[in-house]
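This report refers to the structure that appears directly beneath it.
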Amino acid sequence: MEQTIELIKARDPEQYEFHQAVQEVVETVKPVLDRNPEYRQQAVLERITEPERVLMFRVPWMTDSGQVMVNRGFRVEMNSAIGPYKGGLRFHPSVNIGIIKFLAFEQVFKNSLTTLAMGGGKGGSDFDPKGKSDNEVMRFCQSFMSELFRHIGPNTDVPAGDIGVGAREIGYLFGIYKKLRNEFTGVITGKSLNWGGSLIRPEATGYGVVYFAAEMLQTRSETFAEKTCLVSGSGNVAQFTTEKIIELGGKVVTLSDSSGYIYDEQGIDSEKLAYVMDLKNIRRGRMSEYVEKYPGAVYTPVDPSLDYNPLWDHQAECAMPSATQNEINGTDAANLLKNGVYLVSEGANMPSTPEALDQFLDNKILYGPAKAANAGGVAVSGLEMAQNSMRLAWPREEVDGRLKHIMKSIHETCLDAGASYGVEGNYMAGANIAGFVKVVNAMLDQGLV
Ligand code: NDP
Ligand code: 2IT
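Note that the numbering used here has the sequence shown beginning at 3, numbered continuously upward.
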């Protein structure tokens with residue numbers, strides 16, 4: 003196993019996030035390999051860590067002033083053992099192949115946990131939608147899809163949103179796909195409601211994070227009532243995590259963006275959340291504006307000289323990191339524990355560093371890893387695909403009910419898998435083991451392909 007990791011590092015030495023994601027999975031599935039000697043002979047670790055296909059392409063586009071720009075596009079088709087490749091697209095300047103590969107790798111296990119038939123993939127670009135006009139974003143999306151369209155399809159690879167890709171981008175991407183293929187299909191999820199989208203898809207990731215957390219609390223006969231929660235980010239996942247926590251009687255006191263964070267001791271109520279949604283989704287403004295509207299709150303800009311994030315240094319019971327990878331480091335984890343946090347439910351993908359994870363596990367807090375806790379988004383994407391195939395749309399209650407049921411079942415699966423391998427209550431090991439076993443067995447059933 004050490005050899006597998008060393009080989010991966012030697013092959014692609016600069017793909018740090020991918021190494022991190024692989025290392026965590028490989029370490030936790032060791033007992034599974036020990037119990038199933040044929041897995042080693044079949045080189046399942048080597049196979050599952052190597053993408054089935056990696057696409058990288060030039061994305062030229064023109065600014066409003068006529069300047070030609072060139073970005074890089076990616077799609078990593080990681081694993082199709084249990085269904086078509088499925089996973090979001092991320093548009094952010096930090097995007098590189100290592101980040102897309104880690105996200106695609108995580109997606110394989112997450113999608114497996116949803117109980118739906120979806121393989122894993124992820125894509126994106128180092129394009130930064132921030133500060134661009136709608137027309138610039140549209141031209142970028144059209145150029146991006148004019149290459150990607152030949153590699154995807156409703157039974158092949160089904161993208162969706164992620165950081166920097168929301169309803170606006172999905173619309174532009176779908177429009178040009180439809181034109182190029184002359185086909186109206188469910189090739190992308192997160193579509194708007196009046197042209198094939200599913201009710202609850204915008205809410206699904208955040209709601210799912212909270213449903214998963216509620217299941218974890220339930221194991222200690224507790225609920226969200228009166229719980230204080232630290233949430234990072236202020237995008238899709240953060241917004242609907244906040245909405246559901248408020249609905250269940252909890253209090254969210256923080257939100258952030260890449261420039262800084264707000265601390266609102268009174269709690270972000272529904273009215274304040276509606277303000278944030280308008281600020282971020284419509285006006286595309288910054289969280290710093292929150293304190294102009296609500297002077298009772300405090301805004302703290304990011305201080306690059308700090309080696310920790312002060313957002314995680316407030317009294318609370320729960321934390322829902324919902325911005326980006328490695329946003330909770332060892333110091334942040336120590337601060338969370340010191341401040342009374344005993345539940346972490348991850349909205350972002352791989353938001354906790356290995357040093358943070360060790361502390362959560364050592365202290366036996368309720369720790370819901372991203373693969374399990376944020377799987378509600380892709381689960382409802384799967385439900386959107388099902389509705390598209392039937393050319394039917396389910397009502398809100400139906401989709402929300404299915405989402406709740408799926409999150410409950412993921413919670414149970416994690417606990418069962420953990421227990422059967424002697425790591426009771428360790429949701430991280432449980433998620434990795436359950437996701438791994440299902441995908442690996444499907445791969446073995448299908449022969450050496
Ligand atoms: P959005 O683009 O809607 O929001 C992202 C938020 O995170 C923004 O507030 C953004 O701030 C902040 N952020 C992004 N990058 C950084 C960074 N490097 N440092 C600090 N803050 C940052 O994305 P989503 O809400 O969709 O995604 C958030 C996380 O959830 C991601 O990790 C994503 O992979 C994960 N996720 C998303 C799902 C979905 O369905 N959308 C499903 C499962 C997981 P700013 O505006 O300044 O960039
Ligand atoms: O990380 C994720 O699960 C997502 N960005 C959502 C993927 C999807 O296909 O809905």
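Glycine included, C-beta positions come from ideal geometry on N, C-alpha and C. This one's a predicted model, so the numbers in the text were calculated from it and none came from an experiment.
Please look up how many angstroms separate the CB atoms of valine 255 and tyrosine 263, rounded, as I've assumed it's under 8 Å. The count along the sequence shown starts at 1 and reaches residue 255 at position 253. The count along the sequence shown starts at 1 and reaches residue 263 at position 261. That pair is no contact at about 10 Å.
Looking at C-alpha atoms only, which residue of Val34, Leu313, Asp309 and Leu308 is the closest neighbour of tyrosine 301? As a first step, residue 301 is located in the sequence shown; it is residue number 299 there, counting from the start. Considering only alpha carbons, the answer is Leu313.
If you scan the region 138-206 from start to end, which runs of the beta strand (DSSP E) of 3 or more residues do you find wholly inside it? 159-162
So, is methionine 392 buried or exposed, given that buried needs 16 or more other C-beta atoms within 10 angstroms? Within the sequence shown, numbered from 1, the residue matching residue 392 stands at position 390. Methionine 392 is classed as exposed because its beta carbon has fewer than 16 other beta carbons within 10 Å across all chains shown.
Under a three-way DSSP split, which group does aspartate 259 fall into? Sequence index remark: in the sequence shown, residue 259 carries index 257 (1-based). Looking at aspartate 259 - three-state DSSP - the assignment turns out to be strand.
Tell me whether asparagine 376, by its Cβ, gets closer than 8 Å to a heavy atom of the ligand 2IT. Here residue 376 refers to the residue found at position 374 of the sequence shown. Because some heavy atom of the ligand 2IT lies under 8 Å away, the Cβ of asparagine 376 counts as near it: yes.
Tell me the start and end of each unbroken alpha helix (DSSP H) in the region 270-358 that is at least 4 residues and wholly inside, in chain order. DSSP runs (the alpha helix (DSSP H)) wholly in the region 270-358: 272-279, 292-295 and 332-340.
Taking 8 Å as the cut-off, is the C-beta of leucine 105 nearer than that to any heavy atom in the ligand 2IT? Walking along the sequence shown from the start, residue 105 turns up at place 103. Yes.
Is the CB-CB distance between tyrosine 369 and asparagine 337 below 9 Å? Here residue 369 is taken as the residue at index 367 of the sequence shown, counted from 1. Here residue 337 is taken as the residue at index 335 of the sequence shown, counted from 1. No, these two residues do not count as a Cβ contact at 9 Å.
Under 8 Å from any heavy atom of the ligand 2IT, does the C-beta of serine 383 make it? If you number the sequence shown from 1, residue 383 lands on position 381. Serine 383: yes, Cβ under 8 Å from the ligand 2IT.
Can you name, in chain order, every residue of its own chain whose Cβ lies under 6 Å from the Cβ of threonine 452, other than the five neighbours on each side? Outside the shown range of the chain, which is 3 to 451, sits residue 452, and nothing can be said about it.
Three-state secondary structure (DSSP) at isoleucine 84? Position 82 of the sequence shown, counted from the start, is the residue given in the question as residue 84. Coil.
Where isoleucine 154 and lysine 112 are concerned, what is the direct C-alpha to C-alpha distance, given to the nearest angstrom? Numbered from 1 along the sequence shown, position 152 holds the residue referred to as residue 154. Numbered from 1 along the sequence shown, position 110 holds the residue referred to as residue 112. For isoleucine 154 and lysine 112, the distance between alpha carbons rounds to 20 Å.
Roughly how many angstroms separate the alpha carbons of glutamine 69 and valine 61, rounded to a whole number? Counting from 1 along the sequence shown, the entry for residue 69 is found at position 67. Counting from 1 along the sequence shown, the entry for residue 61 is found at position 59. Rounded to the nearest angstrom, the two C-alpha atoms are 14 Å apart.
Could you tell me if the beta carbon of isoleucine 202 falls within a distance shorter than 8 Å of some heavy atom in the ligand NDP? If you number the sequence shown from 1, residue 202 lands on position 200. No, Cβ of isoleucine 202 sits at least 8 Å from all heavy atoms of the ligand NDP.
Where threonine 221 falls, given that 16 or more other Cβ within 10 Å makes a residue buried: Residue mapping note: residue 221 aligns to position 219 of the sequence shown, counting from 1. Threonine 221 comes out exposed.
Taking buried to mean at least 16 other C-beta atoms within 10 Å of its own C-beta, is glutamine 5 buried or exposed? One-based indexing of the sequence shown puts residue 5 at position 3. Result: exposed.
Terminal residues of the alpha helix (DSSP H) in which lysine 440 lies: By one-based count along the sequence shown, residue 440 stands at place 438. Its alpha helix (DSSP H) spans residues 429-447.
Measure the CB-CB distance between leucine 281 and glutamate 267 and report whether it falls below 9 Å. Taking the first residue of the sequence shown as position 1, residue 281 is located at position 279. Taking the first residue of the sequence shown as position 1, residue 267 is located at position 265. Going by C-beta atoms, leucine 281 is not nearer than 9 Å to glutamate 267.
Return helix, strand or coil for asparagine 365, following the three-state DSSP convention. Counted from its first residue, the sequence shown places residue 365 at position 363. In this structure, DSSP gives asparagine 365 a state outside helix and strand, which the three-state scheme calls coil.
Would tyrosine 448 and phenylalanine 104 be called neighbours here (beta carbons separated by less than 9 Å)? Residue numbering aside, residue 448 sits at position 446 when the sequence shown is read from its first letter. Residue numbering aside, residue 104 sits at position 102 when the sequence shown is read from its first letter. In the sequence under discussion, the amino acid at residue 448 is glutamine, which differs from the tyrosine named in the question. No. Outside cutoff.
Three or more C-beta pairs closer than 8 Å, one from the region 75-83 and one from the region 124-137: is that the case here? yes
Decide if isoleucine 50 is buried, meaning its Cβ has at least 16 other Cβ atoms within 10 Å, or exposed. Taking the sequence shown and counting its residues from 1, one reaches residue 50 at position 48. It counts as buried.
Regarding aspartate 259 and the ligand NDP, is the C-beta to nearest heavy atom distance less than 8 Å? Along the sequence shown, one-based indexing puts residue 259 at 257. Yes, the ligand NDP has a heavy atom inside 8 Å of this Cβ.
Nearest by alpha-carbon distance to leucine 115: which of Ile435, Met445, Ala215 and Leu450 is it? Residue numbering aside, residue 115 sits at position 113 when the sequence shown is read from its first letter. Ranking Ile435, Met445, Ala215 and Leu450 by Cα distance to leucine 115 puts Ile435 first.
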